[in-house]
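There are 2 protein chains.
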Amino acid sequence: MGRRRVTLADVAEASGVSATTASLVLSGRARELRISEEAERRVKATANELGYRRNTLSVGLRTGRSQTIGFVSDTVASSDLAGGMIEGAVEAAHKRGFLVFVGESGGDPAVERALVETMHDRRVDGIVFAAMYTRALALPDGLHDGPAVLLNATPASRSTVHSVLPDEVGAGRSAAQVVVDAGHRAGVHLIGAGPGLEDIPPNSTAAVERLVGMHEVFQAAGIEVVSAHRCPKWMPEDGYTATREVLRRHRPRMLVCFNDRLAFGAYQALAEAGLSVPDDVSVIGFDDHPIASWLRPRLTTVALPHHDLGVRAVEVLLGLFERRRRGNRTPVVHRVPMPVRVGGSVAPPRAGNA
Amino acid sequence: MGRRRVTLADVAEASGVSATTASLVLSGRARELRISEEAERRVKATANELGYRRNTLSVGLRTGRSQTIGFVSDTVASSDLAGGMIEGAVEAAHKRGFLVFVGESGGDPAVERALVETMHDRRVDGIVFAAMYTRALALPDGLHDGPAVLLNATPASRSTVHSVLPDEVGAGRSAAQVVVDAGHRAGVHLIGAGPGLEDIPPNSTAAVERLVGMHEVFQAAGIEVVSAHRCPKWMPEDGYTATREVLRRHRPRMLVCFNDRLAFGAYQALAEAGLSVPDDVSVIGFDDHPIASWLRPRLTTVALPHHDLGVRAVEVLLGLFERRRRGNRTPVVHRVPMPVRVGGSVAPPRAGNA
DNA sequence: GTCGCCTGCTAAACCGTGTTAGCTTGTCGG
DNA sequence: CCGACAAGCTAACACGGTTTAGCAGGCGAC
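Note that the protein sequences, when read in sequence, are chains A and B. The first sequence begins at 0 in numbering that gives the first Met the number 0 and counts up one residue at a time. The second sequence begins at 0 in numbering that gives the first Met the number 0 and counts up one residue at a time.
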């Protein structure tokens, strides 16, 4: 502890060459700039021996590239499900030799701006700007000072920033297809949103898109949704209440819940009513929240691929570094597929009492 | 976009002073080094006007301090509950002008070492080394090259590193006290660990310490635990199985579950058996996992203060920077209290059938 | 008058690397 | 014998700040 770190000059001196030569060798440009194999070998050996490590700060100062990216979110880290996005981003970055600054704004625009600025002060090569749940975001000034990618969000106003989003329409289709494939044609109810595209929680693009996908498939199969319940929040409590509401008036066969927490609430209401999943009522959810695998029976759900989203965002961002200058001015929306996780909560309707 | 950033030299020139003077003013050392108020005012004004921002890289290169800390964990970000630690750390750091590098090792020692090294390459001022669940960790070489704090972990071998841990013994006491205060004296069962201090999942210091605290209070109150079930993993499935086991042989009044997921499993088993919480059986858990507030009735639990743990770790680390040199060689263990979150799952035992 | 001290400021070195321009030496053609 | 050229290397500067040493001028004391 405390001993001065080995510097490039130390390596150069110890191997009897100039700092220039050592630099060229250690940044892999020896061949290209005609350094003898003998010298190259010697430099590498001493560097290794002395335990030399490049000072990334000084490299960054000189080259303008810091091998660092920023990850700014409203409240991803704390959320119980979206942490996977950070993990994916950090992992993908590390794989390419990048380190990630993580910042949380709590949704405060002033903090957002401060984070973006202080990251640029540290010369991050780019920034991933993420939202906990999919929605339209106002982009802070300063985000455009460097490469940036939106994760789980779209720009509120016109912008040239690329974005990475879950394929919610496809998810809606997938969920509906599970319902159709199980043979359900009647007794289908929606918990969380619908029936119209405007009956959604505020700003929830996910709700709209899932509805669009579902309608598409239901219509093709000739299925008419019996009832739909918009819930202002998508928590277990809301799913519980909405399901009780359904049970008061109907005899449902299939509940499509707009997320797994709603489905959890539905399970509770169904259990209270003495109904069995999936024998009496089938249930499907969205997100693949941890809770889905803890329910009995395991909930069938369409997964939000948080890890993949994080990975993808970083890959798009790193791709931007290389494609820079080639005036790529049109914003691209990258959709990450949402896979179905099959549990035991969906069964064919019981014969005779549909 | 694309315009060169404003540099210190620009500010100096525009305000008609030397770079030295500008530097002194902008780093707040003007008074101490006798710069006239007039000059100070002028420099500050032009800096503001030009939108000057310090290049943190170059400051770091010169001073050796980067206003940056590293957060290395096995798998905190992805875990569904411990993300709060990152959030707390990031927040506390930001409040003091620090940014946080987040790295995840997945438990791989090689990755751990690589992360610590690459963070030191970027001249982090210190590192928080965190574990998802409390346990003894082997510290990677290189961690001692700078200030470091262990979070949610203790060093496996002798070390001078400070650590920040939840007060698990106190949590055990608190849980037991809730039981005692509710009036329970009989029919108490443990789900997850015990009865002996060796009947625990591998490496789970949390289990041991919670047991110690509980025993202490139970003994003082003259309570004897009827049965205890060690579960290798603490997942809902395990809680479900263990509770069914209990119900086969006993008529429990109070289930103390070693975490909330076990308690969730217990709820499922109790519901299946037609028993009501808390009228027939009281339940208490640990962690304050999101699931606790979704259960019906809400689970009473002793919270793992993830956010506070993250905050505390960073505060201890930052404190180290100042206390440096004053040979503080003895490792300190900081305990963060675990508060009780009262739900509706604990009630006095029903008269007559104890 | 001169010595020392204080005020207000600056020139220059420095942090550790990347990069440009150019130097030496040897070979070869004419 | 001279010039052109290639191979192999290096001196010096740049990046954007901080820090050390010291300078010019005014002022009071002796």
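The beta-carbon is built from N, C-alpha and C at its ideal position, and this holds for glycine as well.
Below 7 Å CB to CB, which residues in the same chain sit around residue i once its five sequence neighbours on both sides are set aside?
| i | result |
| --- | --- |
| D272/A | Reading off the sequence shown, one finds Ala at residue 272/A, where the question assumed Asp. L246. |
| H306/B | G83, E86 and G87 |
| L32/B | L23 |
| V115/A | V71, I126, P139, G141 and L142 |
Please list, in chain order, all residues of the same chain as residue i whose beta carbon is under 6 Å from its beta carbon, the five residues on each side excluded.
| i | result |
| --- | --- |
| R340/B | D287, T300 and A302 |
| M0/B | Only weak support is given to the placement of M0/B: the predicted model assigns it a pLDDT of 45, under 50, and the value that follows is read from those uncertain coordinates. Nothing listed; no residue qualifies. |
| L196/A | V207 and L210 |
| F263/B | P235 and I290 |
| N352/B | The pLDDT assigned to N352/B is 46, lower than 50, so where the model puts this residue is not dependable; a value taken from the coordinates is nonetheless given after this. None. |
| V110/B | S104 |
| H328/A | Checking the sequence, you will find Arg at residue 328/A rather than His. Here the set comprises T159. |
By the three-class DSSP mapping on this structure, what secondary structure does residue i have?
| i | result |
| --- | --- |
| A109/A | helix |
| M253/B | strand |
| V16/B | coil |
| F128/A | strand |
| L269/A | helix |
| D237/B | helix |
| A135/A | strand |
| V123/A | coil |
| V282/A | strand |
| R64/A | coil |
| V339/A | strand |
| G264/B | helix |
| V245/A | helix |
| D198/B | coil |
| L32/A | coil |
| R214/B | Per the sequence presented here, residue 214/B reads as His, with Arg not at that position. If DSSP states are grouped into helix, strand and coil, H214/B belongs with the helices. |
| T55/A | helix |
| L274/A | coil |
| H183/B | coil |
| S173/A | helix |
| D9/A | helix |
Could you tell me the boundaries of the beta strand (DSSP E) in which residue i lies?
| i | result |
| --- | --- |
| H333/B | V332 to V335 |
| G69/B | T67 to S72 |
| V163/A | H161 to P165 |
| L302/B | The sequence given here places Ala at residue 302/B; Leu does not occur at that position. Element bounds for A302/B: T299 to A302. |
| E103/B | L98 to E103 |
| A227/B | S226 to R229 |
| L189/B | V187 to G191 |
For the alpha helix (DSSP H) that residue i lies in, which residues bound it at each end?
| i | result |
| --- | --- |
| I85/A | G82 to K94 |
| N151/A | No alpha helix (DSSP H) contains N151/A, which is instead part of the beta strand (DSSP E) from A147 to P154. |
| E39/B | E36 to L49 |
| L316/A | H305 to R322 |
| I222/A | Here I222/A belongs to no alpha helix (DSSP H), and DSSP marks it neither H nor E. |
| P289/B | P289 to W293 |
Quick one: what's got a C-beta closer than 8 Å to residue i's C-beta in the same chain, skipping five residues either side?
| i | result |
| --- | --- |
| R52/A | R4 and V5 |
| A135/A | A152, T153, P154, A155, N202 and T204 |
| P108/A | A137 and P139 |
| A174/B | R209, G212, M213, V255, I283, F285, V301 and V339 |
| V10/A | A21, L25, V42, T45, A46, L49 and Y51 |
How about the stretch 91–99 of chain A and the stretch 34–52 of chain A: do they share at least three Cβ pairs that are nearer than 8 Å?
-> no
Could you list the residues in the stretch 11–36 of chain A with a C-beta less than 8 Å from some C-beta on chain B, going in chain order?
-> none
Chain B contacts from the stretch 331–350 of chain A (Cβ-Cβ distance under 8 Å) | Result list empty, no residue passes.
Members of the stretch 95–115 of chain A that neighbour chain B once the beta carbon cut-off is set at 9 Å = Here the close residues are G96, L98, V99, F100, V101, G102, E103, G105, V110, A113 and L114.
Would you list, in chain order, the members of the stretch 156–182 of chain B that have their beta-carbon closer than 9 Å to a beta-carbon of chain A?
-> none
Evaluate contact between the stretch 165–185 of chain B and the stretch 209–225 of chain B, counting only Cβ atoms and requiring at least three cross-stretch pairs below 8 Å.
-> yes
Stretch pair the stretch 309–325 of chain B + the stretch 109–125 of chain B: three plus CB contacts closer than 8 Å | Judged by Cβ distances under 8 Å, the stretch 309–325 of chain B makes contact with the stretch 109–125 of chain B, as three or more pairs qualify.
Could you run through the stretch 258–289 of chain B and flag, in chain order, every residue whose CB is less than 9 Å away from some CB of chain A?
-> R260, F263, G264, Q267, A270, E271, H288 and P289
Closer than 9 Å, Cβ to Cβ, to anything on chain B: give me those residues from the stretch 118–134 of chain A, in chain order.
-> M118, H119, D120, R121 and R122
What residues in the stretch 192–222 of chain A have a beta carbon less than 9 Å from any beta carbon of chain B?
-> Of all residues in the stretch 192–222 of chain A, none has a Cβ within less than 9 Å of some Cβ in chain B.
Taking only beta carbons into account, state which residues of the stretch 296–312 of chain B come closer than 8 Å to chain A, listed in chain order.
-> H306
If contact means a Cβ-Cβ distance below 8 Å, which residues of the stretch 136–158 of chain B contact chain A?
-> H143 and D144
Under 8 Å (Cβ pairs) to chain A, residues found in the stretch 40–62 of chain B = R52, R53, N54, T55, L56, S57, G59 and L60
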